[in-house]
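Sequential numbering of the sequence shown, starting at 1, is according to my numbering.
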Amino acid sequence: MSMQLNARTGSEWFATPLGQYLLAREQGYFDHAVADVFGYNAFQLGMVEHDLLRASRIPLRVRVDAAGVVQLQADFRELPIATNSADLVLLPHTLEFSENPHQILREVARVLLPEGHVVIGCFNPWSLWGFRRVFNSRSDYPWCGRFINLPRLKDWLALLGFEIVGGQMSCYAPPCTQQKWLDRFGFMDKAGDRWWPMGGGVYFLQAVKRVHGMRLIMPAWKDQLVPKKNLAAIPKKMSEPREPAAARDLCPEGPRDNVITLASRAGRTPGPRPVRGPLKPQ
Numbered sequence: 001m002s003m004q005l006n007a008r009t010g011s012e013w014f015a016t017p018l019g020q021y022l023l024a025r026e027q028g029y030f031d032h033a034v035a036d037v038f039g040y041n042a043f044q045l046g047m048v049e050h051d052l053l054r055a056s057r058i059p060l061r062v063r064v065d066a067a068g069v070v071q072l073q074a075d076f077r078e079l080p081i082a083t084n085s086a087d088l089v090l091l092p093h094t095l096e097f098s099e100n101p102h103q104i105l106r107e108v109a110r111v112l113l114p115e116g117h118v119v120i121g122c123f124n125p126w127s128l129w130g131f132r133r134v135f136n137s138r139s140d141y142p143w144c145g146r147f148i149n150l151p152r153l154k155d156w157l158a159l160l161g162f163e164i165v166g167g168q169m170s171c172y173a174p175p176c177t178q179q180k181w182l183d184r185f186g187f188m189d190k191a192g193d194r195w196w197p198m199g200g201g202v203y204f205l206q207a208v209k210r211v212h213g214m215r216l217i218m219p220a221w222k223d224q225l226v227p228k229k230n231l232a233a234i235p236k237k238m239s240e241p242r243e244p245a246a247a248r249d250l251c252p253e254g255p256r257d258n259v260i261t262l263a264s265r266a267g268r269t270p271g272p273r274p275v276r277g278p279l280k281p282q
């Protein structure tokens, strides 16, 4: 269950200079991540004071929390949402402040449709922010949370059938409480992705629920294809019969259609053909 005390102090912490520094970068990432996700239902679990779904094109956008005046009040471990009904779920620092973060991920996997998206924001324990958490009071937000390292979260998502499709590190500056120090360390945000890419105070992950063995249901009708015609073999063109060489010599010029028989050219007019058999009297 979410820590209600931490949620209340969290809203106050986000009003501080350090909280505003973090919120500006988180809002920018979530705006970019949800802009190209389409569907019908989107849910934001936690940080309900801030609309992290404002850039989404999904028509139904619901913010969920365990307490307070919200659109949907529910325990994150047992969401009152139908199975395979959500297209997008946001978890902005929800896992670090839960007693059972793995159960929350299981619920998210249950409510998401196949190919549905989950976008997660977490504090990075292997950063200057995590280093301060070791020496800071554990009663204040956000240092009271249980920071989850990136490889572990990836393993959890893989076990639940998710595929990582995007991610980013952010907030490379030290977690200073005064604005002037945050401004002085602003150069670290520009150089962080290049010089220490895994040292951001916050990391984001975007994953897609994959269902192995899923088969698309096609219409019952099928296109009736016209059978191909069988092609008949065409014989080669027969050449015209050649005339005897003697006939060509006697008629070297002129069209061949005017050539008469050899007997006619030699003056031998063929006579009537003999009639066989007895002649009938006239």
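The beta carbon of each residue, even a glycine, is placed where N, CA and C say it ideally should be.
Whole-number beta carbon distance between residue j and residue i, since they are thought to touch under 8 angstroms
{"i": "L53", "j": "L90", "result": "7 angstroms"}
{"i": "L88", "j": "S56", "result": "7 angstroms"}
{"i": "G10", "j": "Y141", "result": "5 angstroms"}
{"i": "Y40", "j": "Q168", "result": "At roughly 27 angstroms, the Cβ-Cβ gap does not stay under 8 angstroms, so Y40 and Q168 are not in contact."}
Straight-line Cα distance separating residue j from residue i
{"i": "E107", "j": "T94", "result": "13 angstroms"}
{"i": "G161", "j": "N136", "result": "36 angstroms"}
{"i": "E12", "j": "Q27", "result": "17 angstroms"}
{"i": "L22", "j": "P219", "result": "49 angstroms"}
{"i": "S127", "j": "I217", "result": "47 angstroms"}
{"i": "W181", "j": "R133", "result": "18 angstroms"}
{"i": "E96", "j": "G213", "result": "33 angstroms"}
{"i": "W156", "j": "Q103", "result": "10 angstroms"}
{"i": "V211", "j": "K154", "result": "17 angstroms"}
{"i": "N149", "j": "Q20", "result": "23 angstroms"}
{"i": "I58", "j": "S170", "result": "26 angstroms"}
{"i": "Q73", "j": "D51", "result": "16 angstroms"}
{"i": "K190", "j": "G201", "result": "14 angstroms"}
{"i": "W143", "j": "Q179", "result": "19 angstroms"}
{"i": "F294", "j": "P151", "result": "The structure shown does not extend to residue 294, since the chain is modelled only from 1 to 282, so the question has no answer here."}
{"i": "D31", "j": "A109", "result": "22 angstroms"}
{"i": "W196", "j": "I164", "result": "21 angstroms"}
{"i": "V84", "j": "S98", "result": "The residue asked about is misnamed: residue 84 is Asn in this sequence, not Val. Straight-line Cα distance between these residues: approximately 23 angstroms."}
Check whether residue i and residue j have beta carbons under 7 angstroms apart
{"i": "L79", "j": "V119", "result": "no"}
{"i": "F185", "j": "F147", "result": "no"}
{"i": "Q285", "j": "A33", "result": "Because the chain in this structure spans residues 1 to 282, residue 285 falls outside the shown range and cannot be described."}
{"i": "M198", "j": "Y172", "result": "no"}
{"i": "R25", "j": "Q44", "result": "no"}
{"i": "A66", "j": "D75", "result": "yes"}
{"i": "A42", "j": "R61", "result": "yes"}
{"i": "P92", "j": "G46", "result": "yes"}
{"i": "P101", "j": "W129", "result": "no"}
{"i": "V208", "j": "H117", "result": "yes"}
Residues sharing a beta bridge with residue i, DSSP
{"i": "P80", "result": "In the DSSP output, where bridge partners are listed per residue, P80 has none listed."}
{"i": "N41", "result": "L60"}
{"i": "Q27", "result": "DSSP, once it has assigned bridges, lists no residue as partnering Q27."}
{"i": "H117", "result": "L88 and V208"}
{"i": "G167", "result": "L205"}
{"i": "D65", "result": "Q73"}
{"i": "F135", "result": "Answer by DSSP bridge pairing: none, since F135 is not bridged."}
{"i": "C176", "result": "Answer by DSSP bridge pairing: none, since C176 is not bridged."}
{"i": "C122", "result": "Y203"}
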